[in-house]
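Asks: Under my numbering, the first residue of the sequence shown carries the number 208, and numbering increases by one thereafter.
Where a beta carbon is used, it is the ideal one built from N, C-alpha and C, also for glycine.
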Amino acid sequence: MPRPAKGARLWLRKERIDKRTGKRIANAAWFILDGGEHIPTGCAAGEIEQAEKRLKEYIAEKYRPERRERDIERIDIADVLSIYDDDTRQRQANLRTFDQRLSRLAEWWGGKMLSDVTGESCRAYVEHRRAVELQRRATAKHRPKGTPTAPTAGGARRDLEDLRAAINHHAKQGLHRGVVKVALPEKGTARDRWLTRDEAARLLWVCWRAREEQRRHRGPDAGKVLPTDKRPLRHVARFILLGLYTGSRAAALAAASPSRAVGRSYVDLDRGIFYRLAEGKKATNKRQPPVPIPPHLLAHMRRWQAKGIAGEYFVQWNGKPVISVKTAFGTAVDKAGLDGNVTPHTLRHTAATWLMQNGVPIWTAAGFLGMSPEMVERTYGHHHPDYLAEAVRGFKPKKSA
């Protein structure tokens, strides 16, 4: 049975001596040994660090995706994703979620050729994502109340949008011949879940009052689960207030900070302006224009800073910024007994809905929320008191002459 290949590695060739004359004809040197080939590094025996660097460069070059035009039957989708990652990652607004999507795509599509991208294979990927999500929910310790039983195709659609972008980028670079079409599942219906003011008040009250519970292991209360003095959801209360009264996206809320720094969304407490686009981040289609902070929220934020509640960020947990509040937010939703699929993004829907219900002009609301007027009218316009008002007035009987 043949031995398994060891892969590329460094090999030190000893100095070579002419047996007849006794003279040295070659110094000791490092070579890269790969599948029987001896590739010189140009490094002497004492230059081990330089030799290791050459080995690293060799391996990187060996596995670098080919950048030349080829037929789609010969191009691995993993290479297409790798090139897209290399060329576009600096333009991505959220590298963490970008990497997660590419990782999922590479895991399933890697080893398949571009010619394997068909409507059937795309639908198979959607079903694969559904199965993975069902398994995750079955083993999850916490599942927010109102989460739909059957996973939607939204996550798979977002992944496939990246696959489509990667293939289009590959084609624009002139790296493949042939047309490759990615079949996307239909978009789901827009969420219409928003919070009434009573629901928002319940959610805030729960976050403010909730106390951590721990099982006592000694003393007269041993074995009992009793509340402690810790308030584990108060940072979520601040997150909710910011979301309800600025209508900002979750990433901007988590990055909100009273001080300027790269990666932070600066809050000017003197002028009352929230610069939602984090410093150092490029603007994307998901617009995040600066927004004036409503007076009652601004008063809260100034108080949080004065009392030291807000440190480097307004939403902190144990003195550190939070990356995501999904789990804690889900706990709060359950404790408040809210029905429906209430998520952190529901706060943005709620802000938009309240603006419409209060009769704010669509153009004004769109500027505040960072949406297009068309989006506001299409998604939230039916909440406006003037919605189809002229049509209603058309049924009013005319006065007889």
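1) List the whole-angstrom C-beta distance separating residue 324 from residue 387, where the pair is believed to meet the contact cut-off of C-beta under 8 Å.
2) Bridge partners for residue 427 per DSSP, in chain order?
3) Express the C-alpha separation of residue 381 and residue 496 in angstroms, rounding to a whole number.
4) Using DSSP bridges, identify the partner residues of residue 219.
5) Using the three-state DSSP reduction, which class does residue 520 fall into: helix, strand or coil?
6) Between residue 441 and residue 539, what straight-line distance do the alpha-carbon atoms span, to the nearest angstrom?
7) Give the DSSP-derived three-state secondary structure of residue 466 in the structure shown.
8) What separation, rounded to the nearest whole angstrom, lies between the Cα atoms of residue 488 and residue 502?
9) Roughly how many whole angstroms lie between the Cα atoms of residue 208 and residue 264?
10) Does the count of Cβ pairs from the region 472-483 and the region 555-562 closer than 8 Å reach three?
11) Go to residue 633, then tell me how far its beta strand (DSSP E) extends in each direction, as first and last residue.
12) Beta-carbon separation of residue 411 and residue 554 under 7 Å?
13) What residue range does the beta strand (DSSP E) around residue 472 cover?
14) In the structure shown, what three-state DSSP assignment does residue 297 receive?
15) Which word fits residue 406, buried or exposed, when buried means at least 16 other C-beta atoms lie within 10 angstroms of its C-beta?
16) Are three or more beta carbon pairs between the region 308-325 and the region 274-289 nearer than 8 Å?
17) With DSSP collapsed to three states, give me the class of residue 505.
18) Throw me the rounded Cβ distance for the residue 445 and residue 521 pair, which I believe falls under 8 Å.
19) Would you check if the region 213-221 and the region 251-266 touch, i.e. whether three or more CB-CB distances between them fall below 8 Å?
Replies: Let's see:
1) Taking the sequence shown and counting its residues from 1, the one referred to as residue 324 is at position 117. Taking the sequence shown and counting its residues from 1, the one referred to as residue 387 is at position 180. Confirmed, about 5 Å.
2) Mapped onto the sequence shown, residue 427 falls at position 220. BP columns for residue 427 are empty, so no partner.
3) In the sequence shown, residue 496 corresponds to position 289, counting from 1. In the sequence shown, residue 381 corresponds to position 174, counting from 1. Approximately 36 Å, taken between the alpha carbons.
4) Sequence index remark: in the sequence shown, residue 219 carries index 12 (1-based). Residue 219 is bridged to 237.
5) Translated into the one-based positions of the sequence shown, residue 520 becomes position 313. In the three-state reduction of the DSSP assignment, residue 520 falls in the coil class, being assigned neither a helical nor a strand state.
6) Indexing the sequence shown from 1 puts residue 441 at position 234. Indexing the sequence shown from 1 puts residue 539 at position 332. If I take the Cα positions, the gap works out to 10 Å.
7) Taking the sequence shown and counting its residues from 1, the one referred to as residue 466 is at position 259. The answer is coil: DSSP assigns residue 466 none of H, G, I, E or B.
8) On the sequence shown, position 281 is the one that residue 488 refers to. On the sequence shown, position 295 is the one that residue 502 refers to. Residue 488 and residue 502: Cα-Cα distance of roughly 27 Å.
9) Within the sequence shown, numbered from 1, the residue matching residue 208 stands at position 1. Within the sequence shown, numbered from 1, the residue matching residue 264 stands at position 57. The pLDDT assigned to residue 208 is 48, lower than 50, so where the model puts this residue is not dependable; a value taken from the coordinates is nonetheless given after this. Those two C-alpha atoms are separated by around 32 Å.
10) With a cut-off of 8 Å, the region 555-562 and the region 472-483 do not count as touching, because too few Cβ pairs lie within range.
11) Outside the displayed span of the chain (208 to 608) sits residue 633, for which this structure offers no information.
12) Along the sequence shown, read from residue 1 onward, the residue named residue 411 stands at position 204. Along the sequence shown, read from residue 1 onward, the residue named residue 554 stands at position 347. No.
13) Numbered from 1 along the sequence shown, position 265 holds the residue referred to as residue 472. The continuous beta strand (DSSP E) containing residue 472 extends over residues 472-475.
14) Numbered from its first residue, the sequence shown carries residue 297 at position 90. Helix, per DSSP.
15) The residue you call residue 406 lines up with position 199 of the sequence shown. Its Cβ being crowded by 16 or more others within 10 Å, residue 406 is buried.
16) Yes, since at least three Cβ pairs between the region 308-325 and the region 274-289 fall closer than 8 Å, the two stretches touch.
17) Taking the sequence shown and counting its residues from 1, one reaches residue 505 at position 298. It is helical.
18) Walking along the sequence shown from the start, residue 445 turns up at place 238. Walking along the sequence shown from the start, residue 521 turns up at place 314. About 6 Å; that satisfies the 8 Å criterion.
19) yes
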